[in-house]
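If you're matching them up, the sequences are chains X and G in order. The first sequence begins at 1 in our numbering and counts up one residue at a time. The second sequence begins at 119 in our numbering and counts up one residue at a time. Ideal Cβ placement from N, Cα and C applies to all residues, glycine included. Since we're looking at a predicted model, the values are computed, not measured. Okay, structure first, notes after.
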Amino acid sequence: ETGVTQSPTHLIKTRGQQVTLRCSSQSGHNTVSWYQQALGQGPQFIFQYYREEENGRGNFPPRFSGLQFPNYSSELNVNALELDDSALYLCASSLVLRAGGPDSYEQYFGPGTRLTVT
Amino acid sequence: KNEVEQSPQNLTAQEGEFITINCSYSVGISALHWLQQHPGGGIVSLFMLSSGKKKHGRLIATINIQEKHSSLHITASHPRDSAVYICAVLLITQGGSEKLVFGKGTKLTVNP
Chain X
1 ETGVTQSPTH LIKTRGQQVT LRCSSQSGHN TVSWYQQALG QGPQFIFQYY REEENGRGNF
61 PPRFSGLQFP NYSSELNVNA LELDDSALYL CASSLVLRAG GPDSYEQYFG PGTRLTVT
Chain G
119 KNEVEQSPQN LTAQEGEFIT INCSYSVGIS ALHWLQQHPG GGIVSLFMLS SGKKKHGRLI
179 ATINIQEKHS SLHITASHPR DSAVYICAVL LITQGGSEKL VFGKGTKLTV NP
């Protein structure tokens, strides 16, 4: 039990639709990272939010966007869904003492949301 | 070429065997994580290390920064250890943020 929850657990959407995935971080954690894990692959970094600001982004198009809220919750939004967006989406929270510093604590992962795009 | 390479991809062992999973990386890192992922997706962080060795129960993780190599060892393996084990390195990006870069994972099956 990591204290990080995600909702929903499973989701089926149609190509072209929009989706919002939610993550509730561990209390006190100021940083949340989102990852996409395609079947049989390791997770890929989408972006990271630190104190409600985007603090780094992987190689994902702008239709992937996020929000982080003061109550330790966050969202991943994906617009104009494509079939290749079908994956497990993981969020992970951590406590970073300063942005850009290599002094973050362990990342605590949520159970993931399995998104299927048909 | 992936920045993080794991071997083997698949590993089958008999209960009680000593298991080693290897991870090599090609970039400078600030830390390395070993993660465990069970069927269904949930990921658990086993270790985060930046030097030396850490031990937790039957699990031991080592890292050699000069050789850019880490190993995860499981002593007296048990069927409940069956899972995918993922190596992930923590990078500091040019913009100053940090991100995890993951290996593809090693699927471990321990038979009774």
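Can you give the beta carbon distance from residue i to residue j, rounded, assuming they're within the 8 Å contact cut?
i: residue 110/X; j: residue 90/X; result: 6 Å
i: residue 163/G; j: residue 106/X; result: 5 Å
i: residue 201/G; j: residue 127/G; result: Incorrect: roughly 14 Å between the Cβ atoms, too far for contact.
i: residue 20/X; j: residue 79/X; result: Not really, about 10 Å apart at Cβ, beyond 8 Å.
i: residue 42/X; j: residue 204/G; result: 6 Å
i: residue 169/G; j: residue 208/G; result: Incorrect: roughly 13 Å between the Cβ atoms, too far for contact.
i: residue 33/X; j: residue 92/X; result: 5 Å
Looking only at its own chain, which residues have a Cβ that is under 7 Å from the Cβ of residue i, when we skip the five neighbours before and after it?
i: residue 58/X; result: 44, 45, 46 and 47
i: residue 12/X; result: 116 and 118
i: residue 135/G; result: 195
i: residue 152/G; result: 164, 165, 179, 190, 203 and 205
i: residue 142/G; result: 123, 186 and 187
If we count the other Cβ atoms within 10 Å of its Cβ and call it buried at 16 or more, is residue i buried or exposed?
i: residue 125/G; result: exposed
i: residue 31/X; result: buried
i: residue 55/X; result: buried
i: residue 69/X; result: exposed
i: residue 144/G; result: exposed
i: residue 85/X; result: buried
i: residue 150/G; result: buried
i: residue 171/G; result: exposed
i: residue 221/G; result: buried
Spatial neighbours of residue i within its chain, please: C-beta separation below 8 Å, excluding the five flanking residues on both sides.
i: residue 197/G; result: 133, 228, 229 and 230
i: residue 131/G; result: 137, 195, 226, 227, 228 and 229
i: residue 27/X; result: 3 and 72
Indicate whether at least one CB of chain X lies closer than 8 Å to the CB of residue i.
i: residue 237/G; result: Residue 237/G lies beyond the stretch modelled for chain G, which goes from 119 to 230, so this question has no answer here.
i: residue 159/G; result: yes
i: residue 204/G; result: yes
i: residue 170/G; result: no
i: residue 173/G; result: no
i: residue 223/G; result: yes
i: residue 216/G; result: yes
i: residue 90/G; result: Residue 90/G lies beyond the range of chain G shown here (119 to 230); nothing can be said about it.
i: residue 142/G; result: no
i: residue 163/G; result: yes
Identify, in the order they occur along the chain, each residue of the same chain with its Cβ nearer than 6 Å to the Cβ of residue i, setting aside the five sequence neighbours on each side.
i: residue 10/X; result: 114
i: residue 160/G; result: none
With a cut-off of 8 Å, does the C-beta of residue i fall near any C-beta of chain G?
i: residue 68/X; result: no
i: residue 102/X; result: Note that residue 102/X scores a pLDDT of 49, beneath 50, so its modelled location is shaky; the value from the coordinates is reported in the next line. Interface residue, yes.
i: residue 114/X; result: yes
i: residue 127/X; result: The structure shown has nothing for residue 127/X, since chain X only spans 1 to 118.
i: residue 13/X; result: no
i: residue 111/X; result: yes
i: residue 107/X; result: yes
request  = Residues of the region 25-59 of chain X with a CB closer than 9 Å to any CB of chain G: list them in chain order, please.
outcome  = When C-beta distances to chain G are compared with 9 Å, the residues of the region 25-59 of chain X below that value are 31, 33, 35, 37, 40, 41, 42, 43, 44, 45, 47, 48, 50, 54, 55, 56, 57 and 58, in chain order.
request  = Pull out every residue of the region 63-92 of chain X whose Cβ sits closer than 7 Å to any Cβ of chain G, in chain order.
outcome  = So the list reads 88 and 90, given in the order they occur along the chain.
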